[in-house]
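Asks: Mind having a look at this structure? Questions to follow.
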Amino acid sequence: MTDIALPMLLGFAVFMAGMKLMELALHRWGGGKLTALLEKATATPLHGLLTGTAVTAALQSSTAVTVMTIGFVNAGLMTFPRTLGIVLGTNIGTCLTTELIGLNLNQWAIPLMAISLLGWVASVLLREASPWHDPAAPEPGWFVSLRFGSLALFGFGLLLLGMTVMQSIAPAVEQTRMFALFLDRADESVLWGIAAGAALTAAVHSSAAVIGMMMGLAAFGAMPVEIGIAAVLGANVGTCFTALLAATGGSPGGRFVAWSHLALNVGGCLLFAPIVDVLALASGWISASPAARIAHAQTIFNIVCSLLALPLCYLPIWHRPARPRTDDRLAA
17 MTDIALPMLL GFAVFMAGMK LMELALHRWG GGKLTALLEK ATATPLHGLL TGTAVTAALQ
77 SSTAVTVMTI GFVNAGLMTF PRTLGIVLGT NIGTCLTTEL IGLNLNQWAI PLMAISLLGW
137 VASVLLREAS PWHDPAAPEP GWFVSLRFGS LALFGFGLLL LGMTVMQSIA PAVEQTRMFA
197 LFLDRADESV LWGIAAGAAL TAAVHSSAAV IGMMMGLAAF GAMPVEIGIA AVLGANVGTC
257 FTALLAATGG SPGGRFVAWS HLALNVGGCL LFAPIVDVLA LASGWISASP AARIAHAQTI
317 FNIVCSLLAL PLCYLPIWHR PARPRTDDRL AA
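Numbered according to my numbering, the sequence shown spans residues 17 to 348.
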């Protein structure tokens, strides 16, 4: 069991470190502008969907954008109806990470990290040698782009390296009795795959990491694509857990944002659970690679669910003033 647990933990740690480094670097690179964009470009649900998609793709974290949106609502900077489109867009934007993983760029992990290190070192040397060097002076845009772009690229390299390590255990996992039992149960009912994806994502707070694991197992033939897609449906439900935690104790509008996110993903899961085979077939038209098919299935799932839910965001009911709850009146 050690030959499975240690590489899995190591690979997962490297993967998550890369995800967080990439997320933080991108946030520092353009987070201020993206925050302002979130506040302004949400005039309609469609605008909110496009904005949420772009911001999530840039920050590489649907959870970060959702939690940020909840914070805006709690602070009174944004009303709940203006967040509905953003919630739909976060699900689409988050597909970029898994689609990049599905391109099978693992062999580029070390070269990308080397290039990013050179870029970061160059930014430090240029900063120290420049005539405008002054700790109190604002940094030029090109310098900020070089520094944080290099860090984001290094994070992506770490992400690919972690994927390579996690994929290396696939043959050993395939031989375990527990995994064989899970596959047997998942063949009997799609709910086993959904439950596994939801539980793992709620535990690690990253749907991309869980979907990446499933893609790695599918790439080595250790897991059927259909079970991996069922886990994707569950991962989309599990990713709502962090938003629910962030909304606890917040304003009613903030709680509505978190619950609408959960309703979207649970509704989509219930819609696609009976037709996982159809989703697998549709993703197979795009690519024959098992890992890429799982990534494409997530993209199809999120785009279809968001587009189906978009007309509901225009219903007048969302624009009615919310009645304060009893505990909110008492707190006031």
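Idealized CB from N, CA, C, for every residue including glycine.
(1) Suppose the cutoff is 7 Å on Cβ atoms and the five residues either side in sequence are ignored; what does the same chain contact list for Glu242 look like?
(2) In whole angstroms, what separates the C-alpha of Leu199 from that of Gln314?
(3) Would you tell me roughly how many angstroms separate the C-alpha atoms of Trp301 and Val137, rounded to the nearest one?
(4) Where Arg27 and His63 are concerned, what is the direct C-alpha to C-alpha distance, given to the nearest angstrom?
(5) Return the CA-CA distance between Cys256 and Leu141, expressed in angstroms with no decimal places.
(6) So what's Pro381 in DSSP terms, helix, strand or just coil?
(7) Taking Cβ to Cβ, would you say Thr303 is nearer than 9 Å to Ala235?
(8) Residue range of the alpha helix (DSSP H) that Leu233 falls in?
(9) Closer than 7 Å by C-beta to Ser166: which residues in its own chain qualify, once you throw out the five before and the five after it? Chain order, please.
(10) For the alpha helix (DSSP H) that contains Cys321, what are its first and last residues?
(11) According to the Cβ coordinates, are Gly171 and Ala125 closer than 9 Å?
(12) Under 8 Å: do the stretch 243 to 252 and the stretch 207 to 218 share three or more Cβ pairs, one atom per stretch?
(13) Quick one: using the 10 Å Cβ neighbour count with 16 as the cut-off for buried, is Gly237 buried or exposed?
(14) Relative to the C-alpha of Ala70, which candidate in Thr79, Gly105, Phe96 has its C-alpha closest?
(15) Checking 9 Å against the spacing of the C-beta atoms, do Gly34 and Ser78 come in under that value?
(16) Could you pull the start and end residues of the alpha helix (DSSP H) that Ile243 belongs to?
(17) Does DSSP put Leu331 in a helix, a strand or coil?
(18) When the Cα of Met99 is compared with those of Val273, Ala225, Asn90, which residue comes out closest?
(19) Just how far apart, CA to CA, sit Ala211 and Arg271?
(20) Enumerate in chain order the residues of its own chain whose CB-to-CB distance from Leu66 is below 7 Å, with the five nearest sequence positions on each side excluded.
(21) Given Val226, which residues of its chain have a CB within under 8 Å of its CB, disregarding the five upstream and five downstream residues?
(22) Given that a residue counts as buried once 16 or more other Cβ atoms are within 10 Å of its Cβ, and exposed if not, what is Pro332?
(23) Near Gly244, what residues of its chain come up, given a Cβ to Cβ distance below 6 Å and the 5 sequence neighbours on each side ignored?
(24) Do Asn90 and Leu280 have their C-beta atoms closer together than 9 Å?
(25) How far does the alpha helix (DSSP H) with Ser299 in it extend, from its first residue to its last?
(26) Going by Cα to Cα distance, which pick from Tyr330, Leu287, Phe88, Val181 is closest to Ile316?
Replies: Walking through what the data contain:
(1) Val292, Asp293, Ala296
(2) 20 Å
(3) 44 Å
(4) One detail in the question is off: residue 27 reads as Gly in this sequence, not Arg. So the two alpha carbons sit approximately 38 Å from each other.
(5) 42 Å
(6) Beyond the ends of the chain as shown, which are 17 and 348, falls residue 381; an answer cannot be given.
(7) This sequence places Ser at residue 303; Thr is not what is there. Contact flag unset, no.
(8) 223 to 235
(9) Ser132, Gly135, Trp136, Ser139
(10) 306 to 325
(11) no
(12) yes
(13) exposed
(14) Gly105
(15) no
(16) 241 to 254
(17) coil
(18) Inspection of the sequence shows that residue 99 is occupied by Thr rather than by Met. Ranking Val273, Ala225, Asn90 by Cα distance to Thr99 puts Val273 first.
(19) 24 Å
(20) Gly105
(21) Gly213, Leu216, Thr217, Val220, Ala247, Ala251, Gly254
(22) exposed
(23) Met230, Ala234, Ile310
(24) no
(25) 292 to 302
(26) Leu287
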